[in-house]
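Remarks on the structure that follows.
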Amino acid sequence: MLFEDKKLHLESVENLIQCPIHTIEPFALMLAPAYMLMKLNQKLVSVKAPLDFFTADELQRLKVNEVFYFPKFIKASVRFQTAARLIRKFLTLQQSELKSAPFEISKESFSVLSDLWGNKIQVEPFFMAIFTDQLCDPLENEKMLWARENAVINHDHGLLLSGTLVFMALHLGWFDLDKLNQYRKTIYERTVQGEQWLTPTSEIESLVCDINKILKHEPAISLHTLGGLSKEWSNKLISRLQVLGTKNTSKISESVSIFGEEGFAA
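Residue numbers for the sequence shown, in our numbering: 17 to 282.
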């Protein structure tokens, strides 16, 4: 993902969040730009962009530095990871003998998801990709590595598109974790291979095509962007999200963004 490579002065270290390198999992998507302190020349250097990942070899080579540094913006991304872990727990229980009724899992899931939309009732694709990376099984390492090296634009778009699809699907009541995993994998891989998503041949492909149109022209999914589609699925989602507008605004978190002074987007 392209981002503004901000020059961080050494004194910025005290305002950054330290993350031990040994806690970073290979191929886990970065929640924010990752920096490393170069001790010889006392400079903070960006080593990974948001949505990029480290391989096991890279982590092994860099572990002598002990920690990476992340901007405090990372806390916004952690909110989405935490929500994804909770919903994954719900969905995993659905695959066991401890199943909940469909309306119960829908109510519980939407309660968690609704907090992520914030006071502007919008979510940017970056955060949906971070959410989905935590909710779903990992993508195939070899295919991610090939895509990053040979089709980086398609790779980034594949992560954003597949992540947004899964996030939207949950709001629409698609709670089969196996299918969500398959959707993410298939959409990512087809996008990497150059799929333009212009001629849908199924319900899921139609949804992907609609979402793809939004991602190409809008910075976020919102009531406004959904209203412009006038599709059955978007109208259904609008009706659910409009409930958020009736909540006490003092109890709703701010909508987070990768843009602006606190963000990283170029």
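Heads up, the beta-carbon is just placed ideally off N, CA and C, and yes, glycines get one too.
Owing to the predicted nature of the structure, the values given are computational and were not obtained by experimental measurement.
Identity of the residue in the options nearest residue i by Cα
| i | options | result |
| --- | --- | --- |
| I146 | E124, P87, N166, S93 | S93 |
| I37 | A48, V63, N81 | N81 |
| Q198 | E156, N228, C225, M46 | E156 |
| R95 | E270, L107, F280, A281 | E270 |
| P235 | E165, I274, I103, M46 | I274 |
| G210 | W133, K79, G174 | G174 |
| T148 | R200, N166, E124 | R200 |
| A167 | T241, E205, L188 | E205 |
| Q58 | T180, V29, K105, T71 | V29 |
| A72 | E158, G189, E221 | E158 |
| V272 | N251, A281, W133, E221 | W133 |
| K247 | L188, A281, E277, G276 | L188 |
Contact under 8 Å by Cβ, residue i with residue j
| i | j | result |
| --- | --- | --- |
| S178 | I137 | no |
| M184 | L253 | yes |
| W249 | L231 | no |
| L193 | T108 | yes |
| I9 | V139 | The chain is shown from 17 up to 282; residue 9 falls before or after that span and cannot be answered. |
| F43 | P154 | yes |
| N170 | T207 | yes |
| F142 | P87 | no |
| Q150 | Q97 | yes |
| N135 | I268 | yes |
| I121 | F191 | yes |
| L239 | L257 | yes |
| V182 | C225 | no |
Buried or exposed by the 16-neighbour rule on C-beta atoms within 10 Å, applied to residue i
| i | result |
| --- | --- |
| Q212 | exposed |
| R101 | exposed |
| A99 | buried |
| L53 | buried |
| W162 | exposed |
| K91 | exposed |
| K64 | buried |
| Q34 | exposed |
| D172 | buried |
| H233 | exposed |
| T215 | exposed |
| Q45 | Inspection of the sequence shows that residue 45 is occupied by Leu rather than by Gln. By the 10 Å Cβ count, L45 comes out buried. |
| A48 | buried |
| G279 | buried |
| L176 | buried |
| S125 | buried |
| L242 | buried |
| L60 | buried |
For residue j and residue i, believed in contact at Cβ under 8 Å, the rounded distance
| i | j | result |
| --- | --- | --- |
| F89 | Y51 | With a Cβ gap of about 12 Å, F89 and Y51 do not count as contacting. |
| S130 | L260 | 6 Å |
| L196 | I103 | About 10 Å separates the two Cβ atoms, so there is no contact after all. |
Beta-ladder partner(s) of residue i, from DSSP
| i | result |
| --- | --- |
| M52 | V61 |
| P36 | V83 |
| S238 | Q138 |
heavy atom of the ligand NAP below 7 Å from residue i C-beta
| i | result |
| --- | --- |
| K159 | Although the ligand NAP was asked about, the structure shown includes no ligands whatsoever. |
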